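One structure is given here, and the rest of the page talks about it.
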Ligand code: ATP
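Next up, the structure:
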């Protein structure tokens with residue numbers, strides 16, 4: 099296991115400064131997910147840890163040691179990519195063993211290690227198969243097992259699930275969480291998918307344009323977003339944002355925190371609990387089974403509402419209400435003002 103630290107790290111590709119003075123500590127043994135839109139610098143950070151693309155300035159520390167001069171193979175890290183390289187002509191066993199050959203490990207020990215790791219990732223019954231006879235998820239497990247035989251103290255994963263179909267992705271997410279628990283190793287996982295980040299991370303590091311926007315556990319990042327970017331990036335549908343008409347101050351609320359009522363019925367309530375409400379018209383309705391997503395237009399504003407009720411129809415006049423305690427406020431400087 100190992101902690102990782104970035105200390106005042108900057109990275110430029112020729113004159114293009116991608117990361118500037120970034121500071122980040124990744125806890126020993128944690129499952130940390132770097133998330134953010136395409137091009138925000140996630141892979142660049144991961145490659146710096148691996149030693150595949152050194153920083154322009156600053157320090158990267160693994161377990162407190164500056165690794166600038168340590169070559170990739172000696173950093174105790176293993177990387178699993180989106181396009182995981184497994185050899186098509188080799189069996190599963192040979193693929194997994196491949197990483198060990200170079201380390202001059204005796205045959206008996208190699209066999210034992212390959213088998214115990216195959217068991218961990220559920221490949222024991224497939225050791226003699228060729229990759230072409232495996233499912234996408236099983237191939238992904240071969241790539242994981244191949245990284246695992248090296249017994250790294252840090253696992254780096256760059257969008258490892260993005261080539262899998264939606265159902266398998268969900269299953270592999272659960273398997274990765276289990277694997278992390280079993281190994282207790284530091285995992286650093288890159289994705290642009292906020293659902294993946296929310297479901298797997300101990301800590302989410304949300305980035306945009308080379309800068310860390312917020313670093314927090316999933317619950318905190320969802321309920322206490324520190325700025326507008328975080329508020330809108332995390333959550334589906336994203337947080338509704340409106341303008342208070344006061345010097346750049348905006349308010350926001352999550353679609354599931356808004357309630358709807360038929361316009362006529364709502365007028366009869368006098369609004370005893372302090373809440374924000376507005377009148378609007380339903381413009382779209384999407385029934386997803388357990389919940390329905392409505393889009394409500396009110397003058398030139400449009401808000402998404404996620405409701406357990408499928409009781410409203412398109413063109414219906416409704417009142418949208420949000421409890422005051424569920425409102426978020428974002429100041430002109432994008433700092434959160436406590437409600
Ligand atoms: P994605 O989710 O699309 O993989 P990312 O967040 O991982 O994106 P990076 O790959 O880290 O983003 O790239 C960050 C920025 O650095 C991008 O603007 C990219 O164009 C630039 N960049 C990355 N690698 C190079 C390179 N070898 N040469 C020049 N620019 C690069």
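In the working numbering, the protein residues as written are 99 to 437. No residue lacks a Cβ here, since even glycine has one placed at the ideal position from N, Cα and C. Please read these numbers as outputs of a predicted model, since none were measured by experiment.
* With DSSP as the reference, label residue 396 as helix, strand or coil. => Position 298 of the chain shown, counted from the start, is the residue given in the question as residue 396. In this structure, residue 396 counts as strand in the three-state DSSP scheme.
TODO: Would you mind working out which of 118, 132, 129 and 176 sits nearest residue 150, comparing C-alpha positions?
DONE: Start at 1 with the first residue of the chain shown, and residue 150 comes out as number 52. Of the listed residues, the one whose Cα sits closest to residue 150 is 176.
Using the Cβ count rule (16 or more neighbours within 10 Å means buried), how would you classify residue 272? Here residue 272 refers to the residue found at position 174 when the chain shown is read from its first residue. Exposed, since its Cβ has fewer than 16 Cβ neighbours within 10 Å.
DSSP three-state label for residue 337, please. Taking the chain shown and counting its residues from 1, the one referred to as residue 337 is at position 239. Looking at residue 337 - three-state DSSP - the assignment turns out to be coil, as it is neither helix nor strand.
message: Between the alpha carbons of residue 227 and residue 144, how many angstroms are there, rounded?
response: The residue given as residue 227 occupies position 129 in the chain shown. The residue given as residue 144 occupies position 46 in the chain shown. The C-alpha of residue 227 lies about 32 Å from the C-alpha of residue 144.
By Cβ distance, which residues of its chain are closer than 7 Å to residue 373, with the 5 residues on each side in sequence left out?
Position 275 of the chain shown, counted from the start, is the residue given in the question as residue 373. When the five nearest sequence neighbours on each side are left out, the beta carbons in the same chain lying within less than 7 Å of the beta carbon of residue 373 are those of 419, 420, 421 and 422, in order along the chain.
*Among the residues of its own chain, which have a CB less than 6 Å from the CB of residue 109, if the five just before and after it don't count?*
For the purposes of this step, residue 109 is taken as the residue at position 11 of the chain shown. Once the five neighbours on either side are set aside, the close Cβ partners of residue 109 are 116, 117, 142, 153 and 154.
Check: Based on the DSSP output, what are the partners of residue 357 in its beta bridges?
Finding: Indexing the chain shown from 1 puts residue 357 at position 259. 419.
Practice item. Taking only heavy atoms of the ligand ATP into account, decide whether any of them is closer than 7 Å to the Cβ of residue 154. Key: Position 56 of the chain shown, counted from the start, is the residue given in the question as residue 154. Checking every heavy atom of the ligand ATP against the Cβ of residue 154, none is found closer than 7 Å.
Practice task
Give the DSSP-derived three-state secondary structure of residue 100 in the structure shown.
Solution key: The residue given as residue 100 occupies position 2 in the chain shown. When secondary structure is reduced to three states using DSSP, residue 100 falls in the coil class, being assigned neither helix nor strand.
Nearest-angstrom Cα distance between residue 256 and residue 267?
To locate residue 256, count along the chain shown from 1; it is residue 158. To locate residue 267, count along the chain shown from 1; it is residue 169. When only Cα atoms are considered, residue 256 and residue 267 end up about 14 Å apart.
Cα separation between residue 404 and residue 113?
One-based indexing of the chain shown puts residue 404 at position 306. One-based indexing of the chain shown puts residue 113 at position 15. Their Cα atoms are separated by approximately 45 Å.
In terms of residue numbering, what span does the alpha helix (DSSP H) encompassing residue 290 cover? Taking the chain shown and counting its residues from 1, the one referred to as residue 290 is at position 192. Segment: none, residue 290 is in no alpha helix (DSSP H) and carries neither H nor E.
Could you tell me whether the Cβ atoms of residue 241 and residue 215 are closer together than 8 Å? Within the chain shown, residue 241 is the residue found at index 143, counting from 1. Within the chain shown, residue 215 is the residue found at index 117, counting from 1. Against a cut-off of 8 Å, the Cβ pair of residue 215 and residue 241 comes out as no contact.
* Asked: Straight-line CA distance for residue 376 to residue 426?
  -> In the chain shown, the residue the question calls residue 376 occupies position 278. In the chain shown, the residue the question calls residue 426 occupies position 328. Here the alpha carbons of residue 426 and residue 376 stand approximately 17 Å from one another.
**Asked** Nearest-angstrom Cα distance between residue 179 and residue 173?
**Response** In the chain shown, counting from the first residue as 1, residue 179 sits at position 81. In the chain shown, counting from the first residue as 1, residue 173 sits at position 75. Roughly 17 Å separates the two Cα atoms.
(request) For residue 396, collect the residues of the same chain with a Cβ closer than 6 Å to its Cβ; drop the 5 residues on either side in sequence, then sort them by chain order. (result) As a working note, residue 396 is residue 298 in the chain shown. 376 and 378, listed in sequence order.
Does the beta carbon of residue 328 fall short of 7 Å from some heavy atom of the ligand ATP? Translated into the one-based positions of the chain shown, residue 328 becomes position 230. False, no ligand heavy atom lies under 7 Å from that Cβ.
Taking only heavy atoms of the ligand ATP into account, decide whether any of them is closer than 7 Å to the Cβ of residue 288. To locate residue 288, count along the chain shown from 1; it is residue 190. Relative to the ligand ATP, residue 288 has its C-beta within less than 7 Å of a heavy atom.
Handout entry: Straight-line gap, residue 247 to residue 229 (C-alpha atoms, nearest Å)
Key = As a first step, residue 247 is located in the chain shown; it is residue number 149 there, counting from the start. As a first step, residue 229 is located in the chain shown; it is residue number 131 there, counting from the start. Rounded to whole angstroms, residue 247 and residue 229 show a C-alpha spacing of 18 Å.
Measure the C-alpha to C-alpha separation of residue 369 and residue 417 and round it to an integer number of angstroms. Here the question's residue 369 lines up with position 271 in the chain shown. Here the question's residue 417 lines up with position 319 in the chain shown. Legend: pLDDT at residue 369 = 49, less than 50; position of this residue unreliable, no value from coordinates given.
**Prompt:** Under the rule that 16 or more other beta-carbon atoms within 10 Å means buried, what is residue 428, buried or exposed?
**Reply:** Sequence index remark: in the chain shown, residue 428 carries index 330 (1-based). Within 10 angstroms of the beta-carbon of residue 428 lie 16 or more other beta-carbons, which makes it buried.
Within its chain, find whatever has a CB closer than 7 Å to the CB of residue 292; leave out the 5 residues flanking it on each side and keep chain order. Here residue 292 refers to the residue found at position 194 when the chain shown is read from its first residue. Excluding residues within five positions, the ones whose Cβ falls inside 7 Å are 133, 331 and 332.
Does the beta-carbon of residue 385 have 16 or more other beta-carbons within 10 angstroms, so that it is buried, or is it exposed? Here residue 385 is taken as the residue at index 287 of the chain shown, counted from 1. Counting every other CB atom within 10 Å of its CB across the protein chains shown gives residue 385 a total below 16, marking it as exposed.
Margin query: Can you tell me whether residue 111 sits near the ligand ATP, meaning its C-beta is under 7 Å from at least one heavy atom of the ligand?
Written below: On the chain shown, residue 111 is found 13 positions in, with the first residue counted as 1. Yes; taking the cut-off as 7 Å, the Cβ of residue 111 has a heavy atom of the ligand ATP nearer than that.
- Counting along the chain, where does the alpha helix (DSSP H) carrying residue 273 start and finish? Residue 273 sits at position 175 when you count from the first residue of the chain shown. It spans 264-281 - the alpha helix (DSSP H) in which residue 273 sits, taken as one unbroken run.
Alpha carbons only, please: which of 299, 156, 196 and 129 is nearest the one belonging to residue 104?
On the chain shown, position 6 is the one that residue 104 refers to. Per the Cα distances, 156.
**Message:** Helix, strand or coil, according to DSSP, for residue 236 in the structure here?
**Reply:** To locate residue 236, count along the chain shown from 1; it is residue 138. Annotated three-state conformation of residue 236 is helix, per DSSP.
request  = Quick one: grab the DSSP three-state call for residue 343.
outcome  = If you number the chain shown from 1, residue 343 lands on position 245. In this structure, DSSP gives residue 343 an extended state, which the three-state scheme calls strand.
message: Going by the DSSP bridge assignment, what does residue 374 pair with across the sheet?
response: For this step, residue 374 is matched to residue 276 along the chain shown. DSSP, once it has assigned bridges, lists 420 as partnering residue 374.
Against chain C, with Cβ distances strictly below 8 Å, would residue 205 count as a contact? Chain labels in this structure do not include chain C; a single protein chain is all it has.
Q.
For residue 207 and residue 164, I'd like the C-alpha separation in whole angstroms.
A. In the chain shown, residue 207 corresponds to position 109, counting from 1. In the chain shown, residue 164 corresponds to position 66, counting from 1. Taking the straight line joining both Cα atoms gives about 32 Å.
Discussion item. Under 7 Å: does the beta carbon of residue 139 sit that close to some heavy atom of the ligand ATP?
Written reply: Reading the chain shown from its first residue, position 41 is the one you call residue 139. Within the cutoff, so yes.
Go through its chain and collect everything with a Cβ distance to residue 335's Cβ below 8 Å, but skip five positions before and after it.
-> Here residue 335 corresponds to residue number 237 of the chain shown, with the count starting at 1. Cβ contact annotation for residue 335 (same chain, cutoff 8 Å, sequence separation greater than five): 353, 391, 402 and 404, in chain order.
Practice task
Answer yes or no: the CB of residue 149 versus the heavy atoms of the ligand ATP, is any distance below 7 Å?
Solution key: Mapped onto the chain shown, residue 149 falls at position 51. Checking the Cβ of residue 149 against the ligand ATP gives no.
request  = Tell me residue 313's beta-bridge partners as DSSP assigns them.
outcome  = Indexing the chain shown from 1 puts residue 313 at position 215. According to DSSP, residue 313 bridges with 303.
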